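Let me begin by presenting the structure, written as structure tokens, before commenting on it.
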Amino acid sequence: CNTVLVDPQKAIRKLPRVQHLYAQLKGRLRNEDDEFDILSSLHPSPAVCGFPTEEARCLIAETEKFDRGMYAGPIGWFGGEEAEFAVGIRSALVKQGVGAFLYAGTGIVEGSNPSSEWEELELKIMQERPLADWHSSIILFN
């Protein structure tokens, strides 16, 4: 990008069952920039994967017992002169004949209380439970 503008104001986005702290950034691509390369460079988000990203990615691959699949992947659109993407931190993957895989996570940082983080994770995943009414086999990933 020629310029990147970061909104210094952090805001809380309130939704019916959850709220998020967020900040926005905007940039204007140079003509030679490829939007797919830019999107690829932003994934996985260090906020979800960890930092330094490659080191964190290897640690996750070694220690987690399941594949994250598309969890925390970019969700959005390209169109005309604009694009908008977000990180899909609560998501579900439905596989016909298998079930639905529900994904959520918490931010574990220095000073985190593991019990509190686990309670938060359970609360988040329970928000996705209405999918159980829609699909008969649900597999929860905490």
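Under the UniProt record's numbering, the sequence shown has 36 at position 36, and the numbering climbs by one with no breaks. From the three backbone atoms N, C-alpha and C, an ideal C-beta is built for every residue, glycine too. Just so you know, these numbers come straight off a predicted model, no measurement behind them.
Selection from the options that minimises the alpha carbon distance to residue i
| i | options | result |
| --- | --- | --- |
| Leu93 | Glu62, Tyr103, Glu84 and Phe85 | Tyr103 |
| Gly105 | Gly99, Gly111 and Ser116 | Ser116 |
| Asn31 | Val98, Trp77, Asn2 and Val109 | Asn2 |
| Glu81 | Gly27, Arg17 and Phe66 | Gly27 |
| Gln24 | Lys10, Ala56, Ser45 and Gly111 | Lys10 |
Where residue i falls, given that 16 or more other Cβ within 10 Å makes a residue buried
| i | result |
| --- | --- |
| Ala61 | exposed |
| Asn142 | Because the pLDDT at Asn142 is just 45, under 50, the model does not fix this residue reliably, and the value given afterwards should be weighed accordingly. The residue is exposed, with fewer than 16 neighbouring Cβ atoms inside 10 Å. |
| Ala72 | buried |
| Ile12 | exposed |
| Phe101 | buried |
| Ile108 | exposed |
| Gln96 | exposed |
Limits of the unbroken beta strand (DSSP E) element including residue i
| i | result |
| --- | --- |
| Phe101 | Gly99 to Tyr103 |
| Ala11 | Ala11 to Lys14 |
| Ala92 | Ser91 to Lys95 |
| Ile75 | Pro74 to Gly79 |
| Leu5 | Thr3 to Val6 |
Boundaries of the alpha helix (DSSP H) in which residue i is found, first to last residue
| i | result |
| --- | --- |
| Lys65 | No alpha helix (DSSP H) holds Lys65; DSSP gives it neither H nor E. |
| Glu128 | Run containing Glu128: none; DSSP gives neither H nor E here. |
| Ala86 | Where Ala86 is concerned, there is no enclosing alpha helix (DSSP H), although the beta strand (DSSP E) it sits in stretches over Glu82 to Val87. |
Integer Cβ distance of residue i from residue j, believed to fall under 8 Å
| i | j | result |
| --- | --- | --- |
| Pro74 | Leu123 | About 25 Å; that fails the 8 Å criterion. |
| Arg90 | Glu128 | 6 Å |
| Asn45 | Val87 | For the record, residue 45 in the displayed sequence is Ser; it is not Asn. Right, their Cβ atoms sit about 5 Å apart. |
Any chance you could list the beta strand (DSSP E) runs of at least 3 consecutive residues sitting entirely within the segment 8–55, in chain order?
-> 11–14, 19–22 and 25–28
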